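Read through the structure below, which is laid out as structure tokens, and then see the notes.
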Amino acid sequence: MSRKVTDNDVEATSPRHMNTIIVGSGFAGLGLAIKLSQQGREDFLVLERGSDVGGTWRDNTYPGAACDVPSHLYSYSFALNPDWTRSFSKQGEIQAYIRSVAERYNVLDRHLFDCDVQGVVWNEDTATWTVTTSRGTFTADTVVSAVGALCEPSLPDIKGINDFEGEIFHSARWNHDANLEGKRVAIIGTGASSIQIVPAIANKVASLDVYQRTAPWLLPRMDRPYLLPERLAFKHIPGVQRLSRAAIYAARETQVVGLTRFPLLMKGFEALSRAKLQFEIRDAELRKKVTPNYRIGCKRMLISNEYYPALDRDNVDVITDGIAEVRANSIVTKDGTEREIDALIVATGFHVTDSPTYNTIVGRDGRTLSEVFDEVGQQAYKGTSIANFPNMFFLVGPNVGLGHTSMVFMIESQINYVVDALKTIAAKGIRTVEVRGDKQRAYNQDLQDKLAKTVWNTGGCASWYLDKHGNNTTLWPDFTFQFRSITRQFDVDAYNVTTSDALSADQKVVAAQ
Ligand code: N01
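Everything in the sequence shown is counted per this note's numbering, starting at 79 for the first residue and increasing by one.
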């Protein structure tokens, strides 16, 4: 990666103070950095543990990695890309897009890369956060956590797995040095990552054992390359790309009715998925094994035209007996069968409701975020602010997740809210701003009431959408334009505020705008 080395690209030798620190530079952190920079703000820094922008799209380089939301929607509204080569882009093209946007908006010099944030602790006396990192200590008036929900790989707690002697790696940490060609390979998990990996490697490996705990529902992937005339139209005819984006958005939003209000409507998707299964898998025994036993939509609906045909190959087996233990060179299932393997791919998802980062954030009363969540459940106000954590905002926080459409839409809504919050802080000379507990509770009660009716809660499956208490603390239970509407303006009345007499220099700049 080539990038400019700047004043910001140096260790903090003594606590270095910033007005705002953003942690993480995926779609969320980078988008916020661009918006702040467009406001003329300079006193902010993005701390990123990786060596580049991109977040999950930088990290997930497994074979077959691609987006299951069309690219014209899965991109920033302020940086449309007429050059997408196909309707659903692959990882490399998305990562290149994110990087090109960072370059175009000139915010790379506001980043400190290879900077692992280890602790974020509130100081009541100074009303600042102390941010300890692998590259020195910082203080900040405001911290925005933009680490995302899908950043910490979750490794399965299976007996003996640490003693496996062959190649073993998580889907999000793909080992490109490991040569799987002609090897006996196993993969644990059949989620969104696995169903992309399996067809990408099935014809290269000697054998592939797919360990399935719960069968996913699959729908057709309407993916195709864009024709040159289409790309020229996107580029040169005003409004064509916006229209295409709006059409994709509207089509996807119609799913909300079935997902959140009338789960029975999802039966149409089930019929389509069953027909696909019938058509793509010849072996009746295998069909039975991979037929889901819960309502479609309860877990994320997956799209692939290649997964079932890959499972139907002679060198691929789907194993549903449950794993008893992993040995040095094999996996033993609960029925006692031992299958030898050379390599093991762990496609078991992420720590979503129990992120390790929660242990590193210490709030106003000295409790960590994980301690607070243990008590009240993982919750926030508008997915963005959490009582006991003043002057802190979360992007992709609790209950802003989606399964049916673009997360970038939700992220941009939150960015707008946070930018307005920072402007308000500056304009009003606010020293501390902390969401009121009653507002947060009422907001979450309303969310949980809505969630009770959704297919995610009623569809008869276990999923990472639910926390250990069985509450859905992950998904947004309404149309995404409703979320856009409630994040349009920072509602300072929902917050406890203290003010300082003097505005800082940076605040004056923003207040003057
Ligand atoms: O992870 P998952 P993922 N023993 O959590 C199984 C996004 N994404 O990396 O269903 C055995 O979905 C688990 O089984 P079960 C997207 O938001 C997007 O695939 O819990 N099995 C499941 O089958 C997605 O939802 C794209 O019973 C174990 C699998 O592992 C999210 O990332 C592409 C196990 C985990 O599935 C995560 O997807 C890829 C155990 N101990 C990912 N523990 C796009 O295209 C877990 N499993 C945008």
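The beta-carbon is built from N, C-alpha and C at its ideal position, and this holds for glycine as well.
It should be emphasised that the depicted structure is a prediction, and the values quoted were computed from it without experimental measurement.
Tell me whether Arg291 counts as near the ligand N01, meaning its Cβ is closer than 7 Å to at least one heavy atom of that ligand.
-> For the purposes of this step, residue 291 is taken as residue 213 along the sequence shown, with counting starting at 1. Yes.
If we count Cβ pairs, one from each stretch, closer than 8 Å, do we get three or more for the segment 461-480 versus the segment 213-230?
-> Using a Cβ-Cβ distance cut-off of 8 Å, the segment 461-480 and the segment 213-230 are in contact, since at least three pairs of beta carbons, one from each stretch, lie closer than that value.
Buried or exposed by the 16-neighbour rule on C-beta atoms within 10 Å, applied to Gln456 = Position 378 of the sequence shown, counted from the start, is the residue given in the question as residue 456. With 16 or more Cβ atoms within 10 Å of its Cβ, Gln456 is classed as buried.
Same chain, Cβ closer than 8 Å to Ile326, neighbours up to 5 away in sequence not counted | Start at 1 with the first residue of the sequence shown, and residue 326 comes out as number 248. So the qualifying residues of the chain are Pro148, His150, Leu151.
In DSSP terms, what Leu529 is bridged to | As a working note, residue 529 is residue 451 in the sequence shown. Leu529 pairs with nothing; no bridge assigned.
Residue range of the alpha helix (DSSP H) that Ile112 falls in?
-> In the sequence shown, the residue the question calls residue 112 occupies position 34. Run containing Ile112: 105-116, per the alpha helix (DSSP H) assignment.
Can you have a look at Arg136 and say buried or exposed, based on whether 16 or more other CB atoms are within 10 angstroms of its CB?
-> The residue given as residue 136 occupies position 58 in the sequence shown. Per the 10 Å Cβ criterion, buried.
Within 8 Å, strictly: CB atoms of Ile99 and Ala227 | Within the sequence shown, residue 99 is the residue found at index 21, counting from 1. Within the sequence shown, residue 227 is the residue found at index 149, counting from 1. No, the Cβ-Cβ distance between Ile99 and Ala227 is not below 8 Å.
Can you tell me which of the three DSSP states Pro341 falls into?
-> The residue labelled residue 341 in the question sits at position 263 within the sequence shown. DSSP, reduced to helix, strand and coil, places Pro341 within a helical segment of the structure shown.
Pull up the distance between the alpha-carbon of Ala572 and that of Ser115, whole angstroms please.
-> Here residue 572 refers to the residue found at position 494 of the sequence shown. Here residue 115 refers to the residue found at position 37 of the sequence shown. Approximately 27 Å between the Cα atoms of the pair.
When the Cα of Thr577 is compared with those of Ala520, Ile503, Leu480, which residue comes out closest?
-> Taking the first residue of the sequence shown as position 1, residue 577 is located at position 499. Cα-wise, what sits closest to Thr577 is Ile503.
Measure the CB-CB distance between Lys313 and Pro160 and report whether it falls below 8 Å.
-> As a first step, residue 313 must be located in the sequence shown, where it is residue number 235. As a first step, residue 160 must be located in the sequence shown, where it is residue number 82. Yes, Cβ-Cβ distance for Lys313 and Pro160 is below 8 Å.
By Cβ distance below 6 Å, which residues in the same chain neighbour Pro93 in space, the five residues on each side in sequence not counted?
-> Within the sequence shown, residue 93 is the residue found at index 15, counting from 1. Excluding residues up to 5 positions away in sequence, Thr215, Thr217 lie with their Cβ nearer than 6 Å to the Cβ of Pro93 in the same chain.
At which residues does the alpha helix (DSSP H) containing His314 begin and terminate?
-> For this step, residue 314 is matched to residue 236 along the sequence shown. Where His314 is concerned, the enclosing alpha helix (DSSP H) stretches over 306-314.
DSSP three-state call for Tyr459: helix, strand or coil?
-> What you label residue 459 is simply residue 381 of the sequence shown in a count that begins at 1. Here Tyr459 sits in strand by DSSP.
Rounded to a whole number of angstroms, what is the C-alpha to C-alpha distance between Val83 and His189?
-> Mapped onto the sequence shown, residue 83 falls at position 5. Mapped onto the sequence shown, residue 189 falls at position 111. Here the model assigns Val83 a pLDDT of 48, short of 50, so the residue's position is not dependable and the matter cannot be decided.
Taking the Cβ atom as the reference point for each residue, do Trp542 and Gly427 lie within a distance shorter than 8 Å?
-> Taking the first residue of the sequence shown as 1, we reach residue 542 at position 464. Taking the first residue of the sequence shown as 1, we reach residue 427 at position 349. Closer than 8 Å, so yes.
What residue from Leu389, Pro555, Val318 has the CA that sits closest to Cys376's CA?
-> In the sequence shown, residue 376 corresponds to position 298, counting from 1. Nearest option by C-alpha distance: Pro555.
Under a three-way DSSP split, which group does Glu126 fall into?
-> On the sequence shown, residue 126 is found 48 positions in, with the first residue counted as 1. In this structure, Glu126 counts as coil in the three-state DSSP scheme.
Would you tell me roughly how many angstroms separate the C-alpha atoms of Gln518 and Thr462, rounded to the nearest one?
-> Position 440 of the sequence shown holds residue 518. Position 384 of the sequence shown holds residue 462. In this structure, the alpha-carbon of Gln518 lies about 10 Å from that of Thr462.
Determine the DSSP secondary structure at Ser167, reduced to helix, strand or coil.
-> Residue 167 sits at position 89 when you count from the first residue of the sequence shown. It is coil, neither helix nor strand.
Rounded straight-line distance, which links the Cα of Asn201 to that of Arg445 = Against the sequence shown, residue 445 aligns to sequence position 367. Against the sequence shown, residue 201 aligns to sequence position 123. Looking at the two C-alpha atoms, the distance is approximately 12 Å.
Quick one, which of Leu529, Ala458, Gly267 has its alpha-carbon nearest Glu512's?
-> Against the sequence shown, residue 512 aligns to sequence position 434. Comparing Cα-Cα distances from Glu512 to each of Leu529, Ala458, Gly267, the minimum goes to Ala458.
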